[in-house]
Structure formats: structure tokens, C-alpha cells
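Quick notes on the structure that follows.
Residue numbers (this note's numbering), protein chains in the order written: chain A, 4 to 488; chain B, 64 to 375.
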């Protein structure tokens with residue numbers, strides 16, 4: 004039946020204005036409180052993945068630049084930051100948090116331009132949460148002596164922090180806020196494809212009056228990151244990214260006395276029992292895997308559904324997928340934006356092809372993808388076996404694999420049948436079952452009747468190949484302090 | 064599990080009614096989804112169509128103790144021609160009145176496509192003796208009502224006497240004869256979304272042609288999450304039995320913007336096929352003027368004064 008009056012649910016293009024963003028044509032490195040040119044003068048373009056067009060030229064730091072940055076961080080630490088009372092350090096962090104809030108719109112638009120994520124997410128999640136992390140750890144700065152029952156907490160020194168491209172500013176906040184609150188100084192390296200919000204953060208740090216050298220931002224490629232991690236003047240390494248790189252870093256850092264935390268890949272199980280609230284489950288699954296186009300280390304990429312409701316859930320899911328909007332990430336109505344880079348898009352495409360080749364059934368809704376830029380439609384695989392590559396490997400894209408189970412024991416076994424252990428989701432109306440399952444999940448984060456919820460007070464981190472160390476909460480202080488009597 | 068239900072089919076037990084499974088509702092997730100649907104921006108060209116549609120699915124309502132035949136006649140005149148200065152405005156779906164005024168409305172709308180709807184069955188509490196309620200329904204239909212809006216017996220439902228609540232609706236359906244039956248759940252009194260979903264299923268399986276949110280006589284009426292909850296129940300009913308049941312949202316809907324939000328919620332949940340007067344209604348008394356005002360604004364680019372619209 005056709006609706007009367009020619010009504011259609013066509014939503015107006017509602018693009019967010021890029022007005023607040025002022026892009027420079029070239030960006031230097033933030034070292035010792037100033038923007039400086041890279042010694043070798045090497046630059047690389049950062050691209051808007053929604054259009055494929057270059058946004059700006061960004062410096063590629065080499066070994067010498069990293070040397071300068073580490074030296075600046077060391078000087079700032081020894082020159083006063085480590086001796087500053089916690090309450091004083093807190094003042095700077097509160098200031099940074101407030102400045103982030105004041106310039107939230109600018110940060111959100113820039114994040115979306117540089118990374119391709121929907122403006123709805125950068126505006127409602129990334130930026131507010133980044134500010135919240137600074138607020139949260141500012142609160143800890145003068146209470147460190149009470150954080151670890153009877154033991155004091157001394158800073159480590161210079162932290163080398165390498166962050167990924169999927170939540171650029173948020174990951175910077177996750178790394179910087181606890182490091183600074185605990186009295187360390189930092190050299191942070193943003194991902195090659197998403198350096199711009201970190202460089203905008205440099206402005207905020209300067210406006211907050213943060214002493215020069217307390218935070219240094221070196222943009223660059225993988226070699227830059229490797230040089231930073233390898234630098235002997237670094238006391239602590241924190242890395243978020245792929246398991247492959249994480250493994251190399253662990254090998255490199257071994258025996259050097261540097262402290263290390265790793266937040267790596269994941270292949271989370273999202274487990275649906277037959278008594279769950281199926282319509283909200285559907286939303287939760289969508290949020291679990293299509294949030295940020297699935298480019299989330301804790302994405303719920305393996306859906307485990309109890310057999311009795313499997314057809315119902317898949318039906319509801321397909322129906323919901325038909326209404327997802329893929330397109331211009333700056334449009335407020337967009338649900339799935341651009342994939343971060345051509346390389347990532349190629350990887351997703353390759354893994355989807357392998358799923359089809361291995362015999363799984365692929366469903367994608369009919370949707371028109373923008374002609375330029377890097378886009379992938381939401382995808383759903385049914386008839387998946389645990390041996391398939393799509394059920395084993397981290398895809399890091401909007402691709403969901405559906406498996407079924409009959410008993411809770413079977414769900415536990417299937418969920419844990421992965422080298423990863425970052426997150427899991429449990430959907431049931433039965434409280435006792437949530438606790439029973441959560442006890443048995445080998446995952447650092449377990450969500451019940453929700454997915455992809457983050458809070459600065461809640462620790463986040465993995466088991467096994469998903470890494471070690473926690474970020475967020477009181478546990479997030481530990482990687483940045485030496486406990487003393 | 065569906066086989067199990069087919070074996071048991073207890074009409075109106077807690078998890079199933081008449082072989083149809085009742086899915087629980089997660090309040091947090093439901094409210095999040097409803098809120099996010101209310102942030103969609105509609106295209107200007109779609110806006111004009113949305114306003115037109117809002118008029119076509121409207122049950123123009125007056126349910127006051129002070130209602131007079133004259134007032135109902137005036138309402139019927141507006142129903143057929145909502146804007147006296149603009150012939151292109153379509154008629155509304157129905158006029159909704161108390162039973163005593165049904166003959167007046169039926170006469171006034173005799174030549175009109177607008178349907179006559181009557182509340183009946185001990186509206187708004189539904190606590191009159193069953194025979195009296197059924198007699199009232201039959202009386203309203205005999206007097207010319209095309210549609211009858213009754214209330215769910217909350218007293219029975221909330222005390223767990225599902226069979227009684229179910230049987231009463233089934234009896235009301237019989238008493239309706241050819242008229243369409245809308246069952247008001249009075250969601251503001253049900254206490255949880257789980258209960259709203261359960262009541263929705265119970266009413267649908269018992270024979271309701273429409274399920275409706277509210278009487279408009281208590282503080283809490285239609286809300287976006289309530290509408291979404293009921294739309295999801297209707298979707299389940301349709302998927303499990305193939306039967307399409309309508310949704311009527313009523314109470315507190317005063318602005319065109321609220322109407323758009325509800326069109327989006329229903330359109331996204333049930334599909335555009337549900338956005339017809341046969342399957343979707345907005346019950347309201349003061350919504351029409353705001354819709355007309357927005358409509359003339361879209362047309363002329365400026366707002367008219369409130370005084371330019373008739374007030375009942």
C-alpha cells in the first residue's frame with residue numbers, strides 16, 4: 004500500500020557547517036610548546052576520506068625530530084612538572100577540558116573531515132568524551148596518595164604514546180589525561196591519516212597555559228612511531244592499534260625497563276539469548292557493529308544468537324539495515340560515514356570477498372554509495388562457521404558475522420574461541436544469566452543489554468591478543484605511576 | 064519456541080497471547096532509539112507532504128462535558144474542509160465524539176468522506192458493567208458510528224486477569240459489528256514499556272483493528288517511546304500472524320513538529336505502507352490549527368496570525 008499524499012521519508016541534506024574550522028595549508032610539529040618545522044622538511048598530505056581530497060600537508064617527523072621532542076619532554080619533567088603539586092596539575096587539565104568543550108563544534112567537524120566518521124558520532128561521543136576524560140583525571144591529580152590503599156604514587160617520567168586513527172582525539176585524551184594527572188610528560192604520535200585534531204589540541208594546550216614540553220605532538224608515519232617507541236629516553240610506552248604492531252613493540256621494549264601498555268585488536272562476541280528484548284537488541288547489534296563503520300577495536304563483529312530466535316533476529320536486523328544511511332559524514336542524518344582510508348577499504352573488501360568465497364551468505368541493503376571517497380555498505384554474513392576467516396580475523400569494517408548457539412555453555416565456548424579478548428555483549432532479561440556469562444567471558448569489557456558504551460570512570464582494556472593494561476577509571480592510573488611505600 | 068506456543072495458546076498469559084509471542088522491552092534502548100528518530104531532519108518538499116498526511120490521518124476530536132450539537136456541527140464542517148480559504152486542504156480522517164453526539168456528527172457528515180468515530184464502552188475508565196459497556200457500543204454503532212474507540216480494562220489487566228481483559232475486548236469487537244474497533248491502552252497508567260507491549264499484543268489478538276495510546280484524560284499521553292513501543296508490537300503481530308493492525312496516537316499532540324516525529328517513528332518502524340488513514344491516526348483537538356499554520360507558512364513563506372484560524 005502506498006502512503007497517501009506522496010509522503011516519503013526523504014530526509015533533507017543536513018550538512019554540518021565547516022565554518023568553525025580554519026585549516027592551515029601546512030602543519031609543523033608541536034615540540035617544547037611551539038610549532039616547529041621538521042628538521043628534514045618532509046611533509047605528507049592528510050586526506051578527507053569522504054572526498055579523497057587532500058586537506059592539508061602535515062610534517063613527517065624523523066629520528067632527529069623525535070629526539071628533540073623527547074628531550075623537550077624530559078626537560079619539562081625535570082624542570083618542574085614532576086614536582087608540581089597535584090592540585091596545580093589538575094588546574095591545567097580542567098582548563099584543557101573546558102577549552103575542548105568550548106571548541107567542541109570545531110573539533111567535531113574537523114574530526115569528521117579528517118577521519119570520515121559521521122558528525123553525529125564525533126559531535127555526540129568523541130569530543131564530549133574526550134573532554135570528560137580530562138575532567139575525570141583532573142579530579143585524580145591531587146588524590147593519587149589515596150588511590151592505592153596506603154601506597155604513594157610517583158610519576159614515571161616521559162611517556163611515549165602512539166594512537167590510532169579510529170578515535171583520534173578521544174585516544175589522545177585517553178592517553179594524555181592520566182599521564183599528565185600522574186605527573187608524567189608525554190610525546191604523542193597521532194595516526195598518519197588523522198593528525199589534524201591532535202594538532203588542534205596543541206592550540207588548546209597552549210591556550211591552557213600548559214608549560215612548554217609537557218606535551219609534545221609529533222606527526223608522521225610508522226617509522227616515526229618506531230623511532231619514538233625505541234628512544235632510550237622514554238620511560239613508558241602506550242600503544243593503541245593493531246595486534247601485529249603491538250607484538251613488534253612488545254618485542255622491542257622487552258628488557259629495556261620501559262613500562263608498556265597495549266590496547267590492540269578484537270573480535271567481540273555479541274551474544275543474544277532468546278528471552279532478550281529483541282527490538283532493542285536489534286538496535287544494539289547495529290550500534291555494536293556499524294558504529295564508526297565498524298572501525299572500532301571493541302566492535303561486536305561476531306553475533307551469537309540463540310537458535311530459537313535466530314531467524315527472527317536476522318529478519319529484524321536486515322530490515323533495520325535497510326534504513327541505515329550511508330553517505331556524507333558531515334550530514335547529521337548519516338549513520339555510516341566513510342571508511343578511513345583506501346588501504347582500510349581494500350582490506351574490508353578483500354575479507355568480504357573471502358567470506359563469500361568460503362561459502363557464507365552475504366546480505367547488504369541496496370544503497371547508493373557516494374561516487375568519490377572511500378565507502379562500504381553495511382554487510383551481514385549468515386551461514387558462517389567459526390573456521391571462516393570472517394569469523395576469526397578482525398575486519399575493522401561494517402561487516403557482521405552471525406553464528407548460532409543452543410546452550411549458554413556453547414555460547415561461552417564460541418565467544419571465547421578467538422585469540423582476542425577485548426569486549427563482549429550479553430543480551431538477556433535474566434539478571435542471573437548476565438552474571439553467569441560475564442564471569443566466563445574472557446574479555447576485558449562486558450556489556451549487558453547495551454554495547455559500545457564508554458565512560459571515563461570505567462576501565463577499558465583487553466585479555467590475550469587484545470593487549471594488557473587498562474585505560475579509564477582508577478585502574479587507568481596504574482600504567483602511569485610507580486607505587487611507593 | 065513458536066511450536067510450544069501453538070500447543071499452549073493461553074490467551075493473555077504473561078509471555079504469549081493466543082499463540083503470539085510477546086517480546087520484552089528494554090526501556091533504555093527504546094528511549095534512545097525514539098530520541099534519535101526525533102532528530103531526523105525532513106526535506107522541505109517532504110515537509111509539505113507530511114503536513115498533508117498529518118491532516119489526512121487526523122481524528123479531529125472533541126470530548127468535553129460541555130460539548131454541544133452546534134460545536135460538533137462546526138467541528139464536522141472543519142473536518143470536511145479544514146481551511147475555509149484553501150480548497151486544496153484535504154479532509155481529515157474522522158471526527159471523534161461522545162456517543163450522544165454521534166447522531167449529530169453522522170448527519171453533518173452524511174455526504175462527507177470523513178468517518179464518524181465515537182468513544183464508547185464506559186470511556187474513559189471502562190469501569191461500567193460489561194453489559195452496559197457493550198450496549199453503549201452497539202448504540203453508538205446503530206446511531207451511525209463508523210469507528211468505536213473503547214478502553215482496555217486496566218483494572219483487569221494490571222491485576223493480571225488477562226483473560227478477562229481479553230474477553231471484554233473480544234466481546235466489544237462483536238458488539239461493534241461492521242464498525243472498526245480501536246482499543247485505548249491508556250499507556251500512562253500501565254507503568255512500564257513491557258506492560259504496554261503486552262497490552263498491545265493482548266488487544267490485537269483479541270480483535271482490535273487499531274491500538275491507541277491514550278484517552279487524553281490523564282496527565283501522560285502519547286510519547287515518542289510509547290509510539291515506538293506500540294509500533295514494534297504491531298510489527299511483530301504482522302510478522303507473526305500476517306495481520307495488519309493500525310496505530311492511533313492521541314493526547315498531547317499539539318504541534319506539526321510532534322506530528323512529523325510520529326510520522327518518522329511509524330514510517331521507520333513499520334514502513335511507509337503504514338502511513339495511511341487505514342493504519343495510522345493522530346487523535347487531536349488542537350493539532351489541526353498548527354498544521355494549517357505551518358502549511359500556509361510553507362506556501363507563503365510567512366506565518367499567519369492565530370486569529371486567522373477558527374478555534375473549534
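Using N, Cα and C, we set each Cβ at its ideal position, and we do this for glycine too.
- Under the DSSP assignment, residue 292/B falls outside any beta strand (DSSP E), being part of the alpha helix (DSSP H) whose first and last residues are 287-304.
- If you compare the alpha carbons of 138/A, 382/A, 375/A with that of residue 57/A, the shortest gap goes to 375/A.
- Residue 15/A reaches chain B at 104, 105, 106, 107, counting residues in chain order whose Cβ is nearer than 7 Å.
- In this model, residue 429/A and residue 83/B are separated by some 25 Å (Cα to Cα).
- Look at residue 378/A here: in three-state DSSP terms it is coil, with no helix or strand label.
- Judged by beta-carbon spacing, residue 324/A lies within the 8 Å limit of residue 368/A, meaning their Cβ atoms are closer than that value.
- Nearest to residue 379/A by C-alpha distance, out of 416/A, 339/A, 78/A, is 339/A.
- Interface with chain B (8 Å Cβ-Cβ cutoff): residue 307/A is excluded.
- Beta-bridge partners of residue 239/A (DSSP): 162/A, 262/A.
- In the structure shown, residue 63/A falls within a coil segment according to DSSP collapsed to helix, strand and coil.
- With distances taken between CA atoms, residue 312/B lies nearest to 286/B out of 286/B, 141/B, 305/B, 133/B.
- Going by C-alpha positions, residue 455/A is about 27 Å away from residue 85/B.
- The shortest CA-to-CA distance from residue 314/B to any of 102/B, 124/B, 101/B is the one to 124/B.
- Taking residue 415/A as reference, the option from 407/A, 443/A, 344/A, 28/A with the minimal CA-CA separation is 443/A.
- Taking 8 Å as the cut-off between beta carbons, none of the residues of the stretch 224-247 of chain B comes near chain A.
- For the beta strand (DSSP E) assignment, the uninterrupted runs of no fewer than 3 residues enclosed by the stretch 22-106 of chain A are, from N- to C-terminal side, 32-34, 37-39, 46-51, 56-62.
- In this structure, the beta-carbon distance from residue 326/A to residue 91/B does not fall below 8 Å.
- If you draw a straight line from the Cα of residue 289/A to the Cα of residue 302/A, it is about 10 Å long.
- Taking a Cβ-Cβ threshold of 7 Å, the residues of chain A close to residue 86/B are 280, 281, 282, in chain order.
- Taking 9 Å as the cut-off between beta carbons, none of the residues of the stretch 190-212 of chain B comes near chain A.
- For residue 364/B, not one C-beta of chain A is nearer than 8 Å to its own C-beta.
- Interface flag for residue 386/A against chain B is unset, since no Cβ pair is found closer than 8 Å.
- For the C-beta of residue 89/B, the chain A residues within less than 7 Å are, from N- to C-terminus, 280, 283, 452.
- Rounded to whole angstroms, the gap between the alpha carbons of residue 354/B and residue 361/B is 11 Å.
- Collapsing the DSSP output to three states places residue 121/B in a strand.
- Secondary structure note for residue 246/B: its beta strand (DSSP E) is the uninterrupted segment 243-247.
- Bounds of the beta strand (DSSP E) holding residue 366/A are 364-366.
- The closest CA to that of residue 87/B, considering only 280/A, 39/A, 199/A, 186/A, is found on 280/A.
- In this structure, residue 393/A sits near residue 384/A, with a CB-CB distance shorter than 8 Å.
- When secondary structure is reduced to three states using DSSP, residue 179/A falls in the helix class.
- As DSSP reads the structure, residue 275/B sits in a beta bridge with 247/B, 311/B.
- Residue 206/A has a beta carbon lying at 8 Å or more from every beta carbon in chain B.
- When CB distances to chain B are screened at a threshold of 8 Å, the residues of the stretch 321-354 of chain A falling below it are 326, 335, 336, in chain order.
- Burial check for residue 435/A: the Cβ neighbour count within 10 Å stays below 16, so the residue is exposed.
- Within chain A, the residues whose beta carbon sits less than 9 Å from that of residue 93/B are 280, 282, 283, 286, listed in sequence order.
- A Cβ-Cβ distance of about 4 Å is found for the pair residue 209/B and residue 178/B, placing them in contact under the 8 Å criterion.
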